[in-house]
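**Student:** Here you go, one structure.
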């Protein structure tokens, strides 16, 4: 059974930082590409960042480049998203995703609110 459990969300002031983590189980983590998506109220879910199975290839959405970094620790079945210089418009529910051949598996999401 695939499980993705996110943590690390919360309330932060503009310009602040947060680190999201996602612990995965139920599949071969080290060979699976992982991603973070987000969905703001009234908007479609969008890709934030993606990382290949061994972590060599990473992609970050243009609007977040230079501020967000995705990483993974295959020994701990964990993928993380370091978010710096947060903006009000980064407010959203952030979802961890396992990108498998049979489909995408989603975590339950963690709320990130950027507000003064």
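Residue numbers (the numbering used here): 1 to 116. Glycine residues also receive a C-beta, built at the ideal position from the N, C-alpha and C atoms.
1. Give me the Cα-Cα distance between residue 91 and residue 56, rounded to the nearest whole angstrom.
2. Going along the chain, which residues of its own chain have a beta-carbon closer than 6 Å to the beta-carbon of residue 84, five neighbours each way excluded?
3. By Cβ distance below 6 Å, which residues in the same chain neighbour residue 70 in space, the five residues on each side in sequence not counted?
4. In three-state DSSP terms, what is residue 85?
5. What does a CB cutoff of less than 8 Å around residue 78 pick up in its chain, not counting 5 residues either side in sequence?
6. Since residue 86 and residue 60 should fall inside the 8 Å C-beta cutoff, what is the C-beta to C-beta distance between them, to a whole number of angstroms?
7. Give me the Cα-Cα distance between residue 98 and residue 116, rounded to the nearest whole angstrom.
8. Apart from the five residues on each side of it in sequence, which residues of its chain come closer than 8 Å, Cβ to Cβ, to residue 10?
9. Classify residue 6 as buried or exposed, calling it buried when 16 or more other Cβ atoms lie within 10 Å of its own Cβ.
10. Helix, strand or coil for residue 27, going by three-state DSSP, please let me know.
**Tutor:** Answer, in terms of the structure:
1. Here the question's residue 91 lines up with position 91 in the chain shown. Here the question's residue 56 lines up with position 56 in the chain shown. Distance between the alpha carbons of residue 91 and residue 56 is about 28 Å.
2. Locating residue 84 in the chain shown gives position 84, counting from the first residue. If we look at residue 84 and ignore the five residues flanking it on each side, its Cβ neighbours are 17 and 67.
3. For the purposes of this step, residue 70 is taken as the residue at position 70 of the chain shown. For residue 70, where only same-chain residues beyond five positions count, the Cβ hits under 6 Å are 49, 51, 58 and 81.
4. In the chain shown, counting from the first residue as 1, residue 85 sits at position 85. It is coil, neither helix nor strand.
5. Stepping through the chain shown from its first residue, residue 78 is reached at position 78. Taken in chain order, the residues that qualify are 21, 22, 23, 24 and 72.
6. Position 86 of the chain shown holds residue 86. Position 60 of the chain shown holds residue 60. 14 Å between Cβ atoms; not a contact.
7. Along the chain shown, one-based indexing puts residue 98 at 98. Along the chain shown, one-based indexing puts residue 116 at 116. The alpha-carbon atoms of residue 98 and residue 116 are separated by roughly 33 Å.
8. As a working note, residue 10 is residue 10 in the chain shown. Only 18, 111, 112 and 113 meet the Cβ criterion.
9. On the chain shown, position 6 is the one that residue 6 refers to. Under this definition residue 6 is a buried residue.
10. Residue numbering aside, residue 27 sits at position 27 when the chain shown is read from its first letter. Residue 27 falls in the coil class under three-state DSSP.
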